[in-house]
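Asker:
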Amino acid sequence: MAEVVEVTDVDFTYGIGKALQGINLQVASGEFVGAIGPNGGGKTTLLKLIAGLLVPTSGQVRVFGQPAARSGRLIGYVPQFADVDRAFPITVEDVVLMGRLGLTSFLGGYREGDKKAARRAMEQVGVWELRQRRLGNLSEGQRQRVLIARALAGEPKLLLLDEPTASVDAEAEAAITEVLGRLHKSITIVMVSHDLELLKSHVDRIVYVNRRLQPVTGDLDMSIGRFLQLGN
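Following my numbering, the numbering of the sequence shown begins with 54 at its first residue and continues without gaps.
1) State the Cα-Cα distance for the pair residue 155 and residue 57, rounded to the nearest angstrom.
2) Against chain D, with Cβ distances strictly below 9 Å, would residue 113 count as a contact?
3) Distance check for residue 183 and residue 232, CA to CA, integer angstroms please.
4) In or out: residue 68 buried (at least 16 other Cβ within 10 Å) or exposed?
5) Compare the C-alpha of residue 60 against each of 197, 108, 206 and name the closest.
6) Looking at the structure shown, is residue 285 part of a helix, part of a strand, or coil, going by DSSP?
7) Out of curiosity, what's the CA-to-CA distance linking residue 121 and residue 171?
8) With DSSP collapsed to three states, give me the class of residue 213.
9) Give the single residue among 212, 114, 223, 253 whose Cα lies nearest to the Cα of residue 64.
10) Are the CB atoms of residue 242 and residue 212 nearer to each other than 9 Å?
11) Distance, Cα to Cα, residue 99 vs residue 73?
12) Nearest to residue 95 by alpha carbon, out of 141, 272, 265?
13) Thinking residue 197 and residue 229 are a contact (beta carbons under 8 Å), I'd like their distance in whole angstroms, please.
14) Along the chain, where does the beta strand (DSSP E) that runs through residue 243 open and close?
15) Please report the residue range of the alpha helix (DSSP H) in which residue 193 lies.
16) Need the endpoints of the beta strand (DSSP E) that residue 258 sits in, please.
17) What ranges does the alpha helix (DSSP H) occupy inside the region 139-188, keeping only unbroken runs of at least 4 residues that lie completely in it?
18) Could you tell me whether the Cβ atoms of residue 216 and residue 133 are closer together than 9 Å?
19) Report the CB separation of residue 144 from residue 187 in whole angstroms; it is logged as a contact under 8 Å.
20) Which residue's Cα is closest to the Cα of residue 169: 146, 214, 191?
21) State the beta-bridge partners of residue 120 as determined by DSSP.
22) Please name the residue or residues paired with residue 60 in a DSSP beta bridge.
23) In three-state terms, what does DSSP make of residue 221?
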């Protein structure tokens, strides 16, 4: 299978401290890769490097064979913390349509193709019936699915998710887990998570990130538990 993501000898520094050092990671087309590790260990930084939102201090990050910063139209990114103000009077449909920004001309507003792509994305994650609701009136789990739909509206080939089940209740977690299981059939996914059940049930492999990157091998329960104890 072709490599979708190639991270080679990457270091990244914030100020005077190294957030990541000597990172090497390859993700093949169709893979679902999970990343675990302690808070502050560099997991979010790694996702942002793959998304092209950060530039490595040294080394290189290539996505679909080109520098990550030039692959933005092929990448959907769902951050851990929503970048949409809950108090802003915006509907679910408007939020999801934001995923079309940069993909279409806005002379005359959204086109029919944009609206169809947004509808497909909302249907994929089960929020179509919420399309006229205001974002601020939704539960955390519903809002998280809306943000996933926004990323999918751009019709990406690579989906990056940062803690998609954090701060949601058990019912919402189950709904998001089911969505990710379906998405895995058609898209390459890299996901940061502390949700061990989600990781064990859906990902193809797991890596541990704590400034450096290590593969998680062997018995997943034992290996994941050991790594998390070491990191936390």
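Cβ atoms here follow ideal geometry from the backbone N, Cα and C, with glycine treated the same way.
Answerer: Looking at the atomic coordinates:
1) Looking at the backbone, the Cα of residue 155 and that of residue 57 are separated by about 22 Å.
2) The displayed structure is made up of one protein chain only, and chain D is not part of it.
3) One C-alpha to the other measures close to 16 Å.
4) Of the residues assessed, residue 68 falls on the exposed side of the cut-off, its CB having fewer than 16 other CB atoms within 10 angstroms.
5) With distances taken between Cα atoms, residue 60 lies closest to 108.
6) Because the pLDDT at residue 285 is just 47, under 50, the model does not fix this residue reliably, and the value given afterwards should be weighed accordingly. Here residue 285 carries a coil assignment [DSSP, helix/strand/coil].
7) In a straight line, the C-alpha of residue 121 is about 24 Å away from that of residue 171.
8) In this structure, residue 213 counts as strand in the three-state DSSP scheme.
9) Answer by Cα proximity: 114.
10) With respect to the 9 Å criterion, residue 242 and residue 212 are classified as neighbours on the basis of their beta carbons.
11) Distance between the alpha carbons of residue 99 and residue 73: 8 Å.
12) In terms of CA proximity to residue 95, 265 leads the group 141, 272, 265.
13) 6 Å between Cβ atoms; contact.
14) Judged by DSSP secondary structure, residue 243 falls within the beta strand (DSSP E) whose first and last residues are 241-245.
15) From DSSP, the alpha helix (DSSP H) with residue 193 extends over 193-206.
16) Note, residue 258: beta strand (DSSP E), 258-263.
17) Runs of the alpha helix (DSSP H) lying entirely within the region 139-188, each at least 4 residues long, are 145-150, 165-178 in chain order.
18) The Cβ atoms of residue 216 and residue 133 lie closer than 9 Å to each other.
19) Right, the Cβ-Cβ distance comes to about 6 Å (below 8 Å), so this counts as a contact.
20) Of the candidates 146, 214, 191, the one whose C-alpha sits nearest the C-alpha of residue 169 is 146.
21) The partner list for residue 120 (beta bridge, DSSP) reads 115.
22) Partner(s): 78, 114.
23) Under the three-state reduction of DSSP, residue 221 is assigned to coil, being neither helix nor strand.
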